[in-house]
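Enquirer: Sequential numbering of the sequence shown, starting at 2, is according to my numbering.
The beta-carbon is built from N, C-alpha and C at its ideal position, and this holds for glycine as well.
Attaching a single structure in structure tokens format; questions to follow.
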Amino acid sequence: MNPKEFIGLEEANINNAKEFEQLVKEAQEESEEEITPESIQRNISLNQPPIPKVVNIVACVDYGCKLDLLKITSSTRNSEYNPIRFPAATLRNKEPKATALAFKNGKVNIVGCKSADIALKAARCFGRLFKNIGIKDVKIKSFSIANMVATMDCKFPIHLESIASSPGHIKFATYNPEIYAGLIYRLASPKTTLMIYVSGKIIITGAKSEEELKAASAFIYPILRLFASTEPPAA
2 MNPKEFIGLE EANINNAKEF EQLVKEAQEE SEEEITPESI QRNISLNQPP
52 IPKVVNIVAC VDYGCKLDLL KITSSTRNSE YNPIRFPAAT LRNKEPKATA
102 LAFKNGKVNI VGCKSADIAL KAARCFGRLF KNIGIKDVKI KSFSIANMVA
152 TMDCKFPIHL ESIASSPGHI KFATYNPEIY AGLIYRLASP KTTLMIYVSG
202 KIIITGAKSE EELKAASAFI YPILRLFAST EPPAA
């Protein structure tokens with residue numbers, strides 16, 4: 002099991018941000034609007050920030066009991082455990098679709114869901130699985146959202162170099178295009194990290210709720226309008 006499969010467990014930085022690039026590609030494929038100078042001008046003039054679309058949630062669950070990982074993985078399908086490589090077992094649920102990292106102390110990280118409600122439903126499914134194979138005292142002692150990953154699209158190109166060199170933003174922005182194509186912008190409140198691409202596509206990580214995602218979008222959008230390019234990005 003490669004722990005990097007669990008996109009969103011780590012704080013975004015240049016070293017791991019490339020793992021998020023598939024999300025940008027998917028967002029680009031979903032965009033049907035043809036990019037022209039006219040459409041760019043129209044989108045720059047919009048005052049309303051785009052609504053982030055949640056693509057992954059990391060939920061943390063404490064089942065309040067010890068988990069026998071060898072017993073779990075030997076009794077279930079779609080699971081694996083190699084303690085030499087990683088101290089957690091990997092479990093996969095089909096409906097709702099979710100993947101879990103289960104630790105011996107009863108704590109489990111669940112990823113792959115697109116809402117908190119679905120993540121909670123997945124947590125209950127994993128709890129029932131533990132009970133069905135004979136693990137005692139299983140109950141959801143605590144459930145929390147550790148990270149929400151979302152994408153948004155400004156629908157206009159952005160001058161990343163200008164943001165990175167601006168005195169008002171230089172301490173929040175990291176941009177090294179030779180290593181990574183996106184600009185990484187860290188907000189203090191809400192505490193989130195944004196990966197901003199020249200195309201206007203953005204990935205937000207670190208939020209604990211959809212309200213925080215919307216707040217991050219509302220904060221960054223006026224800034225991006227100031228650094229918008231009126232020319233379509235190079236193919």
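1) Please report the distance separating the alpha-carbon of alanine 189 from that of isoleucine 146.
2) Going along the chain, which residues of its own chain have a beta-carbon closer than 7 Å to the beta-carbon of alanine 219, five neighbours each way excluded?
3) Tell me whether glutamate 96 sits in a helix, a strand or coil according to DSSP, three-state version.
4) If I'm right that leucine 70 touches alanine 99 with Cβ under 8 Å, what's the distance once you round it to whole angstroms?
5) Less than 8 Å between the beta carbons of isoleucine 58 and methionine 153, yes or no?
6) My assumption, with CB atoms under 8 Å, is that leucine 184 sits in contact with isoleucine 197. Please give the rounded CB distance.
7) In whole angstroms, what separates the C-alpha of valine 139 from that of asparagine 106?
8) So the alpha helix (DSSP H) cysteine 66 belongs to, where does it begin and stop?
9) For glutamate 81, which of helix, strand or coil comes out of DSSP?
10) Buried or exposed: isoleucine 171, going by 16 or more other Cβ atoms within 10 Å of its Cβ?
11) Report yes if the CB atom of proline 53 is closer than 8 Å to the CB atom of leucine 161, and no otherwise.
12) Can the beta-carbon of phenylalanine 144 be found closer than 8 Å to that of alanine 208?
13) Of the residues Ile180, Tyr186, Lys72 and Pro168, which one's Cα is nearest the Cα of alanine 174?
14) Checking the sheet assignment: what are the DSSP bridge partners for leucine 195?
15) Just curious, the alpha helix (DSSP H) that serine 218 is in, first and last residue?
16) Below 8 Å between beta carbons: does that hold for aspartate 1 and lysine 108?
17) Asparagine 94 and leucine 102 - do their beta-carbons sit closer together than 8 Å?
18) Using three-state DSSP, classify asparagine 133 as helix, strand or coil.
19) From serine 166 to phenylalanine 228, what distance separates their C-alpha atoms?
20) By Cβ distance, which residues of its chain are closer than 8 Å to lysine 115, with the 5 residues on each side in sequence left out?
21) Out of curiosity, what's the CA-to-CA distance linking phenylalanine 104 and cysteine 155?
22) Note down the Cα distance separating asparagine 79 from proline 178, rounded to an integer number of angstroms.
23) Taking DSSP's pairing of strands, which residues face threonine 91 in a bridge?
24) Given this structure, state the Cα-to-Cα distance separating glutamate 11 from serine 75, to the nearest angstrom.
Expert: Inspection of the coordinates gives the following:
1) Here residue 189 refers to the residue found at position 188 when the sequence shown is read from its first residue. Here residue 146 refers to the residue found at position 145 when the sequence shown is read from its first residue. Distance between the alpha carbons of alanine 189 and isoleucine 146: 19 Å.
2) Here residue 219 refers to the residue found at position 218 when the sequence shown is read from its first residue. Hits under 7 Å: Pro50.
3) Residue numbering aside, residue 96 sits at position 95 when the sequence shown is read from its first letter. Coil at glutamate 96, not helix or strand.
4) Locating residue 70 in the sequence shown gives position 69, counting from the first residue. Locating residue 99 in the sequence shown gives position 98, counting from the first residue. So it is not a contact: roughly 18 Å between Cβ atoms.
5) Here the question's residue 58 lines up with position 57 in the sequence shown. Here the question's residue 153 lines up with position 152 in the sequence shown. Not in contact: isoleucine 58 and methionine 153 (Cβ atoms no closer than 8 Å).
6) By 1-based counting over the sequence shown, the position of residue 184 is 183. By 1-based counting over the sequence shown, the position of residue 197 is 196. The Cβ separation is near 5 Å, so the contact holds.
7) One-based indexing of the sequence shown puts residue 139 at position 138. One-based indexing of the sequence shown puts residue 106 at position 105. Using only the alpha carbons, I get a separation of about 12 Å.
8) As a first step, residue 66 is located in the sequence shown; it is residue number 65 there, counting from the start. No alpha helix (DSSP H) holds cysteine 66; DSSP gives it neither H nor E.
9) Taking the first residue of the sequence shown as position 1, residue 81 is located at position 80. Glutamate 81 falls in the strand class under three-state DSSP.
10) The residue you call residue 171 lines up with position 170 of the sequence shown. By the neighbour-count rule (16 or more Cβ atoms within 10 Å), isoleucine 171 is not buried but exposed.
11) Reading the sequence shown from its first residue, position 52 is the one you call residue 53. Reading the sequence shown from its first residue, position 160 is the one you call residue 161. Result no, Cβ atoms of proline 53 and leucine 161 do not sit closer than 8 Å.
12) One-based indexing of the sequence shown puts residue 144 at position 143. One-based indexing of the sequence shown puts residue 208 at position 207. Going by C-beta atoms, phenylalanine 144 is not nearer than 8 Å to alanine 208.
13) Your numbering for residue 174 matches position 173 in the sequence shown. Nearest option by C-alpha distance: Tyr186.
14) As a first step, residue 195 is located in the sequence shown; it is residue number 194 there, counting from the start. In the DSSP output, where bridge partners are listed per residue, leucine 195 has Tyr186 and Ile205.
15) Mapped onto the sequence shown, residue 218 falls at position 217. Start and end: 211-227.
16) The displayed coordinates of the chain run from 2 to 236. Any statement about residue 1 would go beyond what the structure contains.
17) The residue labelled residue 102 in the question sits at position 101 within the sequence shown. The residue labelled residue 94 in the question sits at position 93 within the sequence shown. Contact: no.
18) What you label residue 133 is simply residue 132 of the sequence shown in a count that begins at 1. Asparagine 133: helix per DSSP, three-state reduction.
19) Along the sequence shown, read from residue 1 onward, the residue named residue 166 stands at position 165. Along the sequence shown, read from residue 1 onward, the residue named residue 228 stands at position 227. The straight-line gap from Cα to Cα measures roughly 11 Å.
20) Position 114 of the sequence shown, counting from 1, holds the residue named residue 115. Answer for lysine 115: Val55, Val56, Asn57 and Ile58, listed in chain order.
21) Sequence index remark: in the sequence shown, residue 104 carries index 103 (1-based). Sequence index remark: in the sequence shown, residue 155 carries index 154 (1-based). The straight-line gap from Cα to Cα measures roughly 40 Å.
22) Numbered from its first residue, the sequence shown carries residue 79 at position 78. Numbered from its first residue, the sequence shown carries residue 178 at position 177. Distance between the alpha carbons of asparagine 79 and proline 178: 39 Å.
23) Position 90 of the sequence shown, counted from the start, is the residue given in the question as residue 91. DSSP output for threonine 91 lists Glu81 and Leu102 as bridge partner(s).
24) Taking the first residue of the sequence shown as 1, we reach residue 11 at position 10. Taking the first residue of the sequence shown as 1, we reach residue 75 at position 74. Residue confidence is low: glutamate 11 scores 47 on pLDDT, short of 50, so the model does not pin down where it sits. Its coordinate-derived value is still stated next. Approximately 29 Å, taken between the alpha carbons.
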